[in-house]
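S.K.: One structure, as structure tokens, below. Some questions next.
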């Protein structure tokens, strides 16, 4: 509780100094948020998991949560019918694609925030910057962009709808962030934004690590760091298993 | 029971994969084929990335063929000399195949290439076998069938480097089994299959090998080509998931033992007719997938490939 009060005090001060406009994160204690866990551990039994984000604001306002996975390049290919069969014809490579992307708000975005602000903070799928490498007409690009998002949504890695941030009273809020079994590993950014009168007044970024642990991590590291030794081990293991089964069945 | 696959980076139902391994293993023991031609499409169907399906399948086939060969070995159904000659060609074919696989992956046509290869090889060989085995079945019913020569001679048998294979009672050019092995090796690398469905008929119809020796001998050389493919795929593409392979091979080796036992009760042409129908069915399904418009004409690939 004491932390909350301190946060409020600093937040109020920050509000006075910069006049309620965009505050630097150091000052931004108008909003405090944290995750129920900062590590998603992928072990052998992993089937996806949920992380709870909770926080508090220093007064009324809207909250938007943006979760972004590690960025990397993605190639989108379009199949065309050539000589009766469907072949990959055109392809576009995007360089800065988040491997995971999810937005949660307490009410529909267009009700409390304007498009330029959404674009500046890359809130929402339409505003996501993906960095296409090829030179294409805007219409073509838009088609490929939508296809990328659609495929990511089908894999469960991009939110299909906005997540729900629920307020408990005026200041406490929480939301559940779901990560499916195929969640890519790496460093995730969980950004909590406080929005008042259409402007972002406070922002806080919390890191979240998605990592393989235990047996599956060991296998993955082995395969990546010593690929040849891994291959040899895989072959020897297979020969042993085959032999064992053959021998076992002989006795039966 | 869900299990996370560390290389495929996905979670699968362990019982489903075990069951798939068991059914395919049974067929593999029954017909003396690796069963990869069924397993690779099945794995892709449950969501395993095609490259991982192909690499892992090669690993799993090592175990399946070892346990299959043991059963044939005890019955004396392996022609080691012929197997080794095929193997020499097979290793060359595997290296070439892994190289082609990488090339197709870079230009983004690997999925279509895999499917086309399936349709072409499965469809062609399957229909040939279907015609031949039904003829053989009909001929068996007609008791007046004329006894022919021990085997027919075609131009292929006139190639140089003749070798004697006592076990199979053959005197043929070594280039012939080596060439068949090379094509088999390429199929291992590109399609994630042992190539048994191609090797078995080739050995029967091109080499005129005694049918009883075909299954054991083809499995014998498949051990080595699949081992080679596993090594190369692991070293170059890092697409071998040992967790998935383990699940598949537990189901596979058990199924294969039962299959081998049942295979003794089937007549040659009956087994061939069954195998041919299965092969043709898979080919038709894949051909249909190529022609019909996909749900989404767009696909995405992460990473620099």
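Residue numbers (our numbering), protein chains in the order written: chain A, 626 to 877; chain B, 1372 to 1676.
Here a beta-carbon is modelled for each residue, glycine too, at the ideal position from N, C-alpha and C.
This structure is a prediction, so every number in the text was calculated from the model and none was measured.
1) Looking at chain B, is there any beta carbon in it that lies within less than 8 Å of the beta carbon of residue 845(A)?
2) Taking the C-alpha atoms as reference points, what is the distance between residue 660(A) and residue 785(A)?
3) Put residue 1601(B) into one of helix, strand or coil per three-state DSSP.
4) Would you kindly work out how many angstroms separate the C-alpha atoms of residue 702(A) and residue 1486(B), rounded to a whole number?
5) Could you spell out the range, first to last residue, of the alpha helix (DSSP H) harbouring residue 1411(B)?
6) Ends of the alpha helix (DSSP H) at residue 1372(B)?
7) Using the Cβ count rule (16 or more neighbours within 10 Å means buried), how would you classify residue 1372(B)?
8) Per the contact definition of three or more C-beta pairs closer than 8 Å, is the region 1458–1474 of chain B in contact with the region 1635–1655 of chain B?
9) Expressed to the nearest angstrom, what Euclidean distance is found between the alpha-carbon atoms of residue 696(A) and residue 849(A)?
10) Decide if the region 801–813 of chain A is in contact with the region 664–677 of chain A; the criterion is three or more beta carbon pairs, one per stretch, under 8 Å apart.
11) Would you call residue 1664(B) buried or exposed, if buried means 16 or more other Cβ atoms sit within 10 Å of its Cβ?
12) So, under 8 Å CB-CB, residue 1434(B) and residue 866(A) are touching, yes? Tell me the CB distance rounded to an integer number of Å.
13) Please decide whether residue 758(A) counts as near chain B, where near means a Cβ-Cβ distance under 8 Å.
14) Under a Cβ-count criterion, where at least 16 other Cβ atoms within 10 Å of its own Cβ denotes burial, should residue 1667(B) be classed as buried or exposed?
15) Taking the alpha-carbon positions, what's the residue 650(A) to residue 737(A) distance?
16) Check the Cβ of residue 1598(B) against every Cβ in chain A and list those closer than 7 Å, keeping chain order.
17) Would you kindly check if the distance between the Cβ of residue 1376(B) and the Cβ of residue 1615(B) is under 8 Å?
18) Run through the region 712–779 of chain A for me and flag every whole alpha helix (DSSP H) of 4 or more residues, listed as ranges in chain order.
19) According to DSSP, simplified to helix, strand and coil, what is residue 1478(B)?
20) Taking residue 726(A) as the query, report the chain B residues whose CB atoms sit under 9 Å from its CB, ordered along the chain.
21) Of the residues 732(A), 819(A), 753(A) and 805(A), which one's Cα is nearest the Cα of residue 781(A)?
22) Along the beta strand (DSSP E) that carries residue 801(A), what are the first and last residues, could you check?
23) I want to verify the contact list: residues of chain A whose CB lies under 8 Å from the CB of residue 1698(B), in sequence order.
24) The alpha helix (DSSP H) with residue 1576(B) in it runs from where to where?
25) Please report whether the beta-carbon of residue 1452(B) lies at a distance below 8 Å from any beta-carbon of chain A.
26) So is residue 1665(B) in contact with chain A if we call contact Cβ pairs under 8 Å?
27) When you compare the CB of residue 1410(B) with every CB in chain A, is at least one pair closer than 8 Å?
28) Does the beta carbon of residue 813(A) come closer than 8 Å to any beta carbon on chain B?
29) Just the Cα atoms here: how many angstroms apart are residue 1382(B) and residue 671(A)?
30) If we define contact as Cβ-Cβ less than 8 Å, is residue 701(A) a contact residue for chain B?
31) Got a sec, what are the start and stop residues for the beta strand (DSSP E) residue 1557(B) sits in?
M.R.: Per the coordinate set shown:
1) To locate residue 845(A), count along the first chain from 1; it is residue 220. At least one chain B Cβ lies under 8 Å of residue 845(A).
2) Taking the first residue of the first chain as 1, we reach residue 660(A) at position 35. Taking the first residue of the first chain as 1, we reach residue 785(A) at position 160. Their Cα atoms are separated by approximately 22 Å.
3) Sequence index remark: in the second chain, residue 1601(B) carries index 230 (1-based). Helix.
4) Your numbering for residue 702(A) matches position 77 in the first chain. Your numbering for residue 1486(B) matches position 115 in the second chain. Their Cα atoms are separated by approximately 17 Å.
5) Along the second chain, one-based indexing puts residue 1411(B) at 40. Looking at the DSSP string, the run of the alpha helix (DSSP H) that includes residue 1411(B) is 1407–1416.
6) For the purposes of this step, residue 1372(B) is taken as the residue at position 1 of the second chain. Per DSSP, residue 1372(B) belongs to no alpha helix (DSSP H) and is neither H nor E.
7) Stepping through the second chain from its first residue, residue 1372(B) is reached at position 1. Result: exposed.
8) no
9) Walking along the first chain from the start, residue 696(A) turns up at place 71. Walking along the first chain from the start, residue 849(A) turns up at place 224. Whole-angstrom Cα-Cα distance: 20 Å.
10) yes
11) Your numbering for residue 1664(B) matches position 293 in the second chain. Flag for residue 1664(B) reads exposed.
12) Here residue 1434(B) refers to the residue found at position 63 when the second chain is read from its first residue. Here residue 866(A) refers to the residue found at position 241 when the first chain is read from its first residue. Right, the Cβ-Cβ distance comes to about 5 Å (below 8 Å), so this counts as a contact.
13) Residue mapping note: residue 758(A) aligns to position 133 of the first chain, counting from 1. With 8 Å as the cut-off, residue 758(A) does not count as an interface residue toward chain B.
14) Translated into positions along the second chain, residue 1667(B) becomes position 296. Flag for residue 1667(B) reads exposed.
15) To locate residue 650(A), count along the first chain from 1; it is residue 25. To locate residue 737(A), count along the first chain from 1; it is residue 112. Model confidence at residue 650(A) stands at a pLDDT of 47, short of 50, so the residue's coordinates are unreliable and nothing is read from them.
16) For the purposes of this step, residue 1598(B) is taken as the residue at position 227 of the second chain. Near residue 1598(B) (Cβ distances below 7 Å), the residues of chain A are 860.
17) The residue given as residue 1615(B) occupies position 244 in the second chain. The residue given as residue 1376(B) occupies position 5 in the second chain. Contact flag set, yes.
18) 740–746 and 763–779
19) Locating residue 1478(B) in the second chain gives position 107, counting from the first residue. Coil.
20) Against the first chain, residue 726(A) aligns to sequence position 101. Near residue 726(A) there are no residues of chain B at all, since even the closest Cβ is about 14 Å away, more than 9 Å.
21) Taking the first residue of the first chain as 1, we reach residue 781(A) at position 156. Looking at the Cα atoms, 805(A) is the closest of the given residues.
22) Start at 1 with the first residue of the first chain, and residue 801(A) comes out as number 176. 797–804 is the extent of the beta strand (DSSP E) around residue 801(A).
23) Nothing can be reported for residue 1698(B), as the shown portion of chain B is limited to 1372 through 1676.
24) For this step, residue 1576(B) is matched to residue 205 along the second chain. Residue 1576(B) -> alpha helix (DSSP H) spans 1567–1576.
25) Counted from its first residue, the second chain places residue 1452(B) at position 81. It does not: the Cβ of residue 1452(B) has no partner Cβ on chain A nearer than 8 Å.
26) To locate residue 1665(B), count along the second chain from 1; it is residue 294. So yes, residue 1665(B) belongs to the interface.
27) Your numbering for residue 1410(B) matches position 39 in the second chain. Residue 1410(B) does not count as touching chain A.
28) To locate residue 813(A), count along the first chain from 1; it is residue 188. Chain B, which has no Cβ nearer than 8 Å to the Cβ of residue 813(A), makes this no.
29) By one-based count along the second chain, residue 1382(B) stands at place 11. By one-based count along the first chain, residue 671(A) stands at place 46. In a straight line, the C-alpha of residue 1382(B) is about 7 Å away from that of residue 671(A).
30) Looking up residue 701(A) in the first chain gives position 76. Judged by the 8 Å Cβ criterion, residue 701(A) is in contact with chain B.
31) To locate residue 1557(B), count along the second chain from 1; it is residue 186. Per DSSP, residue 1557(B) belongs to no beta strand (DSSP E); it is in the alpha helix (DSSP H), 1546–1562.
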